[in-house]
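Enquirer: Just dropping this structure here.
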Amino acid sequence: MVKVYKPGKVAIVLHGRQAGKKVVVIKQHDEGSKERPYPHAIVAGVERYPRKVTRRMGQKKLASRSKVKPFIKVRLDWISLESVSDRTQVVNYSHLFPTRYALELEGLKGVVSSDTFKEPSQRENSKKTIKKLFEDRYVSGKNKWFFTPLRF
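Take the sequence shown: its letter number 108 is residue 98 in the numbering used here, and every next letter is one higher.
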């Protein structure tokens, strides 16, 4: 079977709270795990997209409209949380739709790992770094399609 979801691949979430949002695959699990015997992935995506900016806007307005709110979906069986609602945060491959686009992941690879989500402070720090990476990429003008909301 062809490996579609490689690190850096951009996909669209089809089911759940973030349905219709664009995500980038950070790490894939093609064979699944003992706890979850289906293929799934760790993804980071854009929950709130940046707003439209024009040439006439000032620097403060540009900065506020260029903000991005990220989200991370991760295998929470690494954390061994006891809450049922926390353990269901997994992105199944059948809930993702691959696109032809890709994002370079130099900064994202080290940010999210199995150790990242053991404490809430580490989780917040990783979300902040992902937010900074996404905002820098948006301001530099790279990957414009990733930062536009999907119209459906």
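By construction, the Cβ of each residue, glycine as well, lies at the ideal position given by its N, Cα and C atoms.
With C-beta atoms as the reference, is V3 less than 8 Å away from K(-7)?
Expert: Counting from one through the sequence shown, the residue named residue 3 turns up at place 13. Counting from one through the sequence shown, the residue named residue -7 turns up at place 3. For V3 and K(-7), no; Cβs fall outside 8 Å.
Enquirer: Please report how far the alpha carbon of F142 lies from the alpha carbon of T89, in whole angstroms.
Expert: Counted from its first residue, the sequence shown places residue 142 at position 152. Counted from its first residue, the sequence shown places residue 89 at position 99. Between the alpha carbons of F142 and T89 lies a distance of about 16 Å.
Enquirer: Look at the alpha carbon of P139 and the alpha carbon of P40, and state the distance between them as a whole number of angstroms.
Expert: Here residue 139 corresponds to residue number 149 of the sequence shown, with the count starting at 1. Here residue 40 corresponds to residue number 50 of the sequence shown, with the count starting at 1. So the alpha carbons of these two residues sit roughly 9 Å apart.
Enquirer: Assess contact between the region 39 to 53 and the region 127 to 139, defined as three or more Cβ pairs (one per stretch) separated by less than 8 Å. Is contact present?
Expert: yes
Enquirer: Confirm, please, whether the CB-CB distance from K117 to I32 is below 8 Å.
Expert: Against the sequence shown, residue 32 aligns to sequence position 42. Against the sequence shown, residue 117 aligns to sequence position 127. Cβ atoms of I32 and K117: not closer than 8 Å.
Enquirer: Could you tell me the boundaries of the alpha helix (DSSP H) in which A53 lies?
Expert: To locate residue 53, count along the sequence shown from 1; it is residue 63. Looking at the DSSP string, the run of the alpha helix (DSSP H) that includes A53 is 49 to 55.
Enquirer: Could you tell me which of V102, V43, D126 sits nearest to V15, measuring between CA atoms?
Expert: Counting from 1 along the sequence shown, the entry for residue 15 is found at position 25. Of the candidates V102, V43, D126, the one whose C-alpha sits nearest the C-alpha of V15 is V102.
Enquirer: Checking 8 Å against the spacing of the C-beta atoms, do A34 and P60 come in under that value?
Expert: Start at 1 with the first residue of the sequence shown, and residue 34 comes out as number 44. Start at 1 with the first residue of the sequence shown, and residue 60 comes out as number 70. Result yes, Cβ atoms of A34 and P60 sit closer than 8 Å.
Enquirer: Roughly how many angstroms separate the alpha carbons of A9 and K50, rounded to a whole number?
Expert: As a working mapping, residue 9 is identified with position 19 in the sequence shown. As a working mapping, residue 50 is identified with position 60 in the sequence shown. Answer to the nearest angstrom: the Cα atoms are 31 Å apart.
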